[in-house]
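I have placed the structure first, in the form of structure tokens, so that the comments after it can refer back to it.
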Amino acid sequence: MEEIECSSWKFLGIPDRYSSLESSYFHILPVPYDATSSYVAGARFGPRAIIEASHQIELYDAELAMAPADLGIATHDEVPVVAGDPEGMIARIEERVGEIRSLGGLPVILGGEHTVALGSIRTFDDSDLMVVSLDAHGDLRDTYQGNRYSHACFLRRVSDEHECAAFGIRSISKAEVNFISQKSIPVFYARDMIGAIDAIDLEFIPEKIYITIDIDVLDCSIMPSAGTPEPGGLGWYDVVSLLERIITSRRILGFDVVELCPQPHNVAPDFTAAKLVYKVMGLIAKYSRNREVDATSHGQEKK
Ligand SMILES: [Mn+2]
5 MEEIECSSWK
15 FLGIPDRYSS
25 LESSYFHILP
35 VPYDATSSYV
45 AGARFGPRAI
55 IEASHQIELY
65 DAELAMAPAD
75 LGIATHDEVP
85 VVAGDPEGMI
95 ARIEERVGEI
105 RSLGGLPVIL
115 GGEHTVALGS
125 IRTFDDSDLM
135 VVSLDAHGDL
145 RDTYQGNRYS
155 HACFLRRVSD
165 EHECAAFGIR
175 SISKAEVNFI
185 SQKSIPVFYA
195 RDMIGAIDAI
205 DLEFIPEKIY
215 ITIDIDVLDC
225 SIMPSAGTPE
235 PGGLGWYDVV
245 SLLERIITSR
255 RILGFDVVEL
265 CPQPHNVAPD
275 FTAAKLVYKV
285 MGLIAKYSRN
295 REVDATSHGQ
305 EKK
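If you read the sequence shown in my numbering, its first letter stands for residue 5, the second for the next number, and so on.
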């Protein structure tokens, strides 16, 4: 077996020829930010835990019969955290994601609390974009603890600008339920999804999407390392099947995995989060329309 140098600050620890900024398709942006956590703090340690755990992932994905790493995965430096200024933090993330997009790369954000996804989503002004959220919580409050940019308001701020849909919900306030019926936001409750992923009608999802995954969409038995763990969540294969159906034949403009809050004596959830990141890359590589569109755009503006 070929001896490869392993970089501790790279997703998968892959060698330079598979991880250069110029040639990689996927671009990991770690954002260690968790200013507004309301229960367990520590999502700031999420990106590092995911990158560390990723070194144990088998590069070949036997289910997909390919190695997604062949497309190249660059890992960028962490976004430095601005304390006490959520909007300033969102602006920094937006700038860094803009840089990734100008390289022609697909942004992959590692949180951090869910608010970090706003900085990524804000780089897209496409009116036909839908933001697809996987999350135990509604995150549709207008404000939370006096903050419009709390993690609990994430999807509400997205809904100010884009169409959105939410999957895996099992904790939501009455006011949020009223809001979703008022705005006709498609919401799928975890209880109705488990064991029935293939029966969900996903025709309403347009071609262009951004996917945001709060790790607590997974059940707390396999994902205890969440900032706000909830019982009754989806299993690994539920989430993978759902993502495969969402990604197939669509264009994914970017995605994020957020809210991993690592525990010192249980690395399994860190590995699960890392493997989910790699699985989404594989599903995009195999089933999305991304590569077809990228291949025909020949350096023209990619939007
Ligand atoms: Mn959540």
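Ideal placement from N, C-alpha and C gives every residue a C-beta, glycine not left out.
Are the CB atoms of residue j and residue i within a distance shorter than 8 Å?
{"i": "residue 262", "j": "residue 121", "result": "yes"}
{"i": "residue 266", "j": "residue 45", "result": "no"}
{"i": "residue 222", "j": "residue 180", "result": "no"}
{"i": "residue 191", "j": "residue 184", "result": "yes"}
{"i": "residue 113", "j": "residue 162", "result": "no"}
{"i": "residue 22", "j": "residue 109", "result": "no"}
{"i": "residue 229", "j": "residue 274", "result": "yes"}
{"i": "residue 232", "j": "residue 37", "result": "no"}
{"i": "residue 111", "j": "residue 124", "result": "yes"}
{"i": "residue 25", "j": "residue 75", "result": "no"}
{"i": "residue 77", "j": "residue 32", "result": "yes"}
{"i": "residue 119", "j": "residue 80", "result": "no"}
{"i": "residue 271", "j": "residue 57", "result": "yes"}
{"i": "residue 284", "j": "residue 259", "result": "yes"}
{"i": "residue 209", "j": "residue 169", "result": "yes"}
{"i": "residue 151", "j": "residue 72", "result": "no"}
Could you check whether the Cβ of residue i sits closer than 7 Å to any heavy atom belonging to ligand 1?
{"i": "residue 139", "result": "yes"}
{"i": "residue 263", "result": "yes"}
{"i": "residue 260", "result": "no"}
{"i": "residue 232", "result": "yes"}
{"i": "residue 1", "result": "There is simply no residue 1 to check, as the chain begins at 5 and stops at 307 in what is shown."}
{"i": "residue 274", "result": "no"}
{"i": "residue 220", "result": "yes"}
What does the alpha-carbon distance come out to for the pair residue i and residue j?
{"i": "residue 92", "j": "residue 237", "result": "33 Å"}
{"i": "residue 264", "j": "residue 100", "result": "21 Å"}
{"i": "residue 279", "j": "residue 290", "result": "16 Å"}
{"i": "residue 174", "j": "residue 51", "result": "25 Å"}
{"i": "residue 95", "j": "residue 85", "result": "11 Å"}
{"i": "residue 147", "j": "residue 153", "result": "7 Å"}
{"i": "residue 55", "j": "residue 217", "result": "17 Å"}
{"i": "residue 300", "j": "residue 234", "result": "43 Å"}
{"i": "residue 206", "j": "residue 13", "result": "37 Å"}
{"i": "residue 8", "j": "residue 20", "result": "At residue 8, the pLDDT of 48 sits below 50, so the modelled position is not reliable; the number obtained from the coordinates is stated separately. Rounded to the nearest angstrom, the two C-alpha atoms are 10 Å apart."}
{"i": "residue 16", "j": "residue 286", "result": "14 Å"}
{"i": "residue 68", "j": "residue 240", "result": "16 Å"}
Below 8 Å on the Cβ atoms is my contact criterion, and I expect residue i with residue j to pass it. Report the Cβ-Cβ distance as a whole number of Å.
{"i": "residue 247", "j": "residue 133", "result": "Wrong, their Cβ atoms sit about 18 Å apart, outside the cutoff."}
{"i": "residue 172", "j": "residue 139", "result": "6 Å"}
{"i": "residue 254", "j": "residue 213", "result": "6 Å"}
{"i": "residue 167", "j": "residue 127", "result": "With 8 Å as the limit, residue 167 and residue 127 do not qualify as a contact, their Cβ atoms being about 17 Å apart."}
{"i": "residue 176", "j": "residue 142", "result": "4 Å"}
{"i": "residue 281", "j": "residue 215", "result": "Rounded, the Cβ-Cβ distance is 11 Å, inconsistent with contact."}
{"i": "residue 251", "j": "residue 219", "result": "Residue 251 to residue 219, Cβ: 18 Å. No contact."}
With respect to 7 Å, is the separation between the Cβ of residue i and the closest non-hydrogen atom of ligand 3 below this value?
{"i": "residue 132", "result": "You won't find ligand 3 in this model; what it holds is ligand 1."}
Using a Cβ-Cβ distance cut-off of 8 Å, determine whether residue i contacts chain D.
{"i": "residue 109", "result": "Protein chains in the displayed structure number just one, and chain D is not present."}
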